[in-house]
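Since the structure comes first, as structure tokens, the remarks are kept for the end.
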Amino acid sequence: MKKIIVPIDFSNHSEYALKAAALLSKKVDIEIYALHMLDIQEVNLSQSADFSQEKAVFFLKLAEVRFKKFLQKDYLKGVKVIPIIKHYKVFSEINAIAKEVSADLVIMGSHGASGLKEFFMGSNTEKVIRYSDLPVLVIKNDLLDVDFSDIVFATDFSEESIPAFNRMLASLAFLNAKKHLLYVNLPNEKFKTTPEMDALANNFLMKAEGNTDRLINVNFVCAKSIENGILSFSNAVGSDLIVLSTHGRKGLSHIFAGSISEDISNHLALPIMTFKI
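Right, here's the structure in full:
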């Protein structure tokens, strides 16, 4: 992990992401690409063409000044930060920027939500996750550290999720972390018996790593929804990072079908990392 993109919109939550990247730089030698995307159309008012262009230039210069000031933080001293301003707000373009700078990861902030479903749906977070080919680390709070010593990788043990699993192992190899592999068993037509789940996990690990050494870290939980299972297990083991594989452009709504139980729908404080399948 060498280069990280951090989208900046001047909110407290984007600063949480920037702080997390700075903390990460204390553990790994990285470069931070602070990215601000300004939609010119937002300032292209209904005046004459000359006036609109003049106004657009004014807002661009204003954004540049504000961006420079935003990056003058004590916690960024000694950290290599490269500012990037793009004059559009097209989240699919993050891939082009990532290729241009050879980035490895996106870290972004997200506003509070009552659960995983609201956490992802209809937000800039979802848009970035949907379009980014890079793993995305989503930060919701002002973290004191990024030790990430206890990680939950939620998976359906499908063959298509093997690349995401291997990318997770490679990306987080620098962390001395315990990694739980979690399968959530649902009470519907997808319900599986214990022997069926054991076979699924065995097959997954054999195809992913050629051995079953990680079986000791495999966990099965029964829950009314995938979301409930992930959150309740993560709370039970004291996890500090949840890792999910996503289907990218298909969005994330299919992951969180079902209701959210009131006892788990409190504000989720844990960072979440996603890898596209």
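Under the UniProt record's numbering, think of the first position of the sequence shown as 1, with each following residue one higher.
Idealized CB from N, CA, C, for every residue including glycine.
Q: Evaluate contact between the segment 93 to 113 and the segment 65 to 72, counting only Cβ atoms and requiring at least three cross-stretch pairs below 8 angstroms.
A: no
Output the distance between the C-alpha atoms of Ile5 and Ala98, rounded to the nearest integer angstrom.
-> The residue you call residue 5 lines up with position 5 of the sequence shown. The residue you call residue 98 lines up with position 98 of the sequence shown. Taking the straight line from one Cα to the other gives about 7 angstroms.
Proximity of Ile94 and Ala34 at Cβ, strictly below 8 angstroms: Numbered from its first residue, the sequence shown carries residue 94 at position 94. Numbered from its first residue, the sequence shown carries residue 34 at position 34. No, these two residues do not count as a Cβ contact at 8 angstroms.
| request: Look up Asp150 in the DSSP assignment and give the residues it is bridged to. | output: Locating residue 150 in the sequence shown gives position 150, counting from the first residue. Answer is Lys178, bridged to Asp150.
Going by Cα to Cα distance, which pick from Lys3, Met168, Ser11 and Leu18 is closest to Ala177? Counting from 1 along the sequence shown, the entry for residue 177 is found at position 177. Of the listed residues, the one whose Cα sits closest to Ala177 is Met168.
_To the nearest angstrom, how far is the alpha carbon of Ser161 from that of Asn12?_
Within the sequence shown, residue 161 is the residue found at index 161, counting from 1. Within the sequence shown, residue 12 is the residue found at index 12, counting from 1. Rounded to the nearest angstrom, the two C-alpha atoms are 33 angstroms apart.
| said: For Val184, count the other beta carbons within 10 Å of its own beta carbon; 16 or more makes it buried, fewer makes it exposed. Which is it? | reply: As a first step, residue 184 must be located in the sequence shown, where it is residue number 184. Val184 comes out buried.
> Excluding five sequence neighbours on each side, which residues of the same chain lie with their C-beta closer than 6 angstroms to the C-beta of Leu18?
Replying inline: Within the sequence shown, numbered from 1, the residue matching residue 18 stands at position 18. These residues qualify, in order along the chain: Val6.
Problem - Per DSSP, the bridge partner or partners of Gly109 - result: Indexing the sequence shown from 1 puts residue 109 at position 109. Answer is Ile139.
Query - Own chain residues within Cβ distance below 6 angstroms of Thr212, not counting five before or after - result: Within the sequence shown, residue 212 is the residue found at index 212, counting from 1. Closer than 6 angstroms at Cβ, skipping near neighbours: Asn202 and Leu205.
ask   = By DSSP, does Phe191 sit in helix, in strand, or in coil?
value = Indexing the sequence shown from 1 puts residue 191 at position 191. DSSP places Phe191 in coil when its eight states are reduced to three.
_Could you compute how far the alpha carbon of Val138 sits from the alpha carbon of Glu196?_
As a first step, residue 138 must be located in the sequence shown, where it is residue number 138. As a first step, residue 196 must be located in the sequence shown, where it is residue number 196. So the two alpha carbons sit approximately 33 angstroms from each other.
* Identify whether Lys19 lies in helix, strand or coil by the three-state DSSP scheme. => As a position in the sequence shown, residue 19 is number 19, starting the count at 1. Reduced to three states, the DSSP call for Lys19 is helix.
- request: Starting from Thr274, follow its DSSP beta bridges and name the residues at the other end.
  value: Walking along the sequence shown from the start, residue 274 turns up at place 274. DSSP output for Thr274 lists Val136 and Leu244 as bridge partner(s).
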